[in-house]
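For reference, the structure discussed in these notes is given below.
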Amino acid sequence: MLKRKWPEAEKILDMKFSDQGNVDLETVISRQPDLMIAQLRAKPSLVQTGVLAKLDALHIPVIFVDYELHPVENTLPSIALLGKVMGQTARAQAYMDFYQQRLDRIHQRLATTSKKPLVFIEPIAGVGGLDNGCCFTHARNGWGGLVEAAGRHQHRLAAATGGNREYRGRENYLAEPGLLPDDRLQTTR
Numbered sequence: 007m008l009k010r011k012w013p014e015a016e017k018i019l020d021m022k023f024s025d026q027g028n029v030d031l032e033t034v035i036s037r038q039p040d041l042m043i044a045q046l047r048a049k050p051s052l053v054q055t056g057v058l059a060k061l062d063a064l065h066i067p068v069i070f071v072d073y074e075l076h077p078v079e080n081t082l083p084s085i086a087l088l089g090k091v092m093g094q095t096a097r098a099q100a101y102m103d104f105y106q107q108r109l110d111r112i113h114q115r116l117a118t119t120s121k122k123p124l125v126f127i128e129p130i131a132g133v134g135g136l137d138n139g140c141c142f143t144h145a146r147n148g149w150g151g152l153v154e155a156a157g158r159h160q161h162r163l164a165a166a167t168g169g170n171r172e173y174r175g176r177e178n179y180l181a182e183p184g185l186l187p188d189d190r191l192q193t194t195r
C-alpha cells in the first residue's frame, strides 16, 4: 500500500536486521547511506556485534528512535529528531501537534468515565493466518505503554490457553484479524 502511494519508497533499503544485531553490512554499505535510523531497542545488539563501530568507521551516522520501549516519553522526541535530520521540522511539528491533540483528547474523554476495562491489543492479529495461536501483546511496551498511560490496564493473558481471540468479549477489541486500515470499527459502547 505504501509503495503504491509513494513509489520512491521502493528505493529505501530495508536492512531486515533483528534485535540480535544481525545485519548484512555489505548490502548496507553498497547503498552508500547518508544515515541509518534504528529502533532504540536494537542499540545494545548493534553495539555488541560491532555494527555501530563499523558504521562509525565508515562515517555513516546512526540515530535511534523509540516508539516501542517508552512510547509515551519518546515518541514526540523521536519525531522531532527525524524532522531535524531530514530537514522536515515543520512537517514533524505538524505531526507532533496532531499527535498531542489526539492524546489530550483521549485523556479528557477518559477522565469523565469511571469504568476502566481491561484492554488487550493484539498487534500482530492475523499474521500467519488465524491458526497462529493466541495471543501476543506488547505488555508495557508499544501499544501497551499507551494503554497504561491512558489509565487502563493492558491485559496480559496470564491464563490464556490459545485459540479463542474473543474469550473476554468483543467490547475489549480494537481490531480483529482480516480488517483493513480503511475499515471503520463500530464500538459496542
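If you read the sequence shown in this note's numbering, its first letter stands for residue 7, the second for the next number, and so on.
Glycine included, C-beta positions come from ideal geometry on N, C-alpha and C.
Is it buried or exposed, Gly-150, if we count other Cβ atoms within 10 angstroms and call 16 or more buried? Working through the sequence shown from its first residue, we reach residue 150 at position 144. It counts as buried.
How should Ser-84 be labelled, buried or exposed, when 16 other C-beta atoms within 10 angstroms of its C-beta is the threshold for buried? Locating residue 84 in the sequence shown gives position 78, counting from the first residue. Around the CB of Ser-84, 16 or more other CB atoms lie within 10 Å, so the residue is classed as buried.
What are the start and end residues of the beta strand (DSSP E) that includes Ile-69? For this step, residue 69 is matched to residue 63 along the sequence shown. Per DSSP, Ile-69 belongs to the beta strand (DSSP E) from 68 to 71.
Among Glu-79, Val-78, Trp-12 and Gln-99, which residue has its Cα nearest to the Cα of Ala-86? Residue numbering aside, residue 86 sits at position 80 when the sequence shown is read from its first letter. Taking only the C-alpha atoms, the option nearest Ala-86 is Gln-99.
According to the Cβ coordinates, are Leu-61 and Met-42 closer than 8 angstroms? Taking the sequence shown and counting its residues from 1, one reaches residue 61 at position 55. Taking the sequence shown and counting its residues from 1, one reaches residue 42 at position 36. Result yes, Cβ atoms of Leu-61 and Met-42 sit closer than 8 angstroms.
Could you give the residue range of the alpha helix (DSSP H) that holds Ile-112? The sequence position of residue 112 within the sequence shown is 106, counting from 1. Run containing Ile-112: 95 to 117, per the alpha helix (DSSP H) assignment.
Are Gln-106 and Val-71 close, meaning C-beta to C-beta below 8 angstroms? Within the sequence shown, residue 106 is the residue found at index 100, counting from 1. Within the sequence shown, residue 71 is the residue found at index 65, counting from 1. Cβ distance not < 8 angstroms, so Gln-106 and Val-71 don't count as in contact.
Where Leu-19 sits in the DSSP three-state scheme: The sequence position of residue 19 within the sequence shown is 13, counting from 1. Leu-19 falls in the coil class under three-state DSSP.
Taking 7 angstroms as the limit between beta carbons, can you name the residues of its chain near Glu-74, skipping five residues before and five after? Translated into positions along the sequence shown, residue 74 becomes position 68. Closer than 7 angstroms at Cβ, skipping near neighbours: Gln-45, Arg-47, Asn-147 and Gly-148.
Since Met-42 sits in a beta bridge, which residues does DSSP pair it with? For the purposes of this step, residue 42 is identified with residue 36 of the sequence shown, where counting begins at 1. Partner residues in the beta bridge of Met-42, as assigned by DSSP, are Val-68.
Tell me which residue opens and which closes the alpha helix (DSSP H) that Ala-48 is part of. Indexing the sequence shown from 1 puts residue 48 at position 42. Here Ala-48 belongs to no alpha helix (DSSP H), and DSSP marks it neither H nor E.
Is the Cβ-Cβ distance between Gly-157 and Lys-121 less than 8 angstroms? On the sequence shown, position 151 is the one that residue 157 refers to. On the sequence shown, position 115 is the one that residue 121 refers to. Not in contact: Gly-157 and Lys-121 (Cβ atoms no closer than 8 angstroms).
If distances are taken between C-alpha atoms only, which option among Leu-109, Arg-115 and Pro-50 comes closest to Leu-152? Walking along the sequence shown from the start, residue 152 turns up at place 146. With distances taken between Cα atoms, Leu-152 lies closest to Leu-109.
Near Leu-58, what residues of its chain come up, given a Cβ to Cβ distance below 7 angstroms and the 5 sequence neighbours on each side ignored? Along the sequence shown, read from residue 1 onward, the residue named residue 58 stands at position 52. Same-chain partners within the cutoff: Leu-52 and Val-68.
Does DSSP put Asp-30 in a helix, in a strand, or in coil? Here residue 30 is taken as the residue at index 24 of the sequence shown, counted from 1. Coil.
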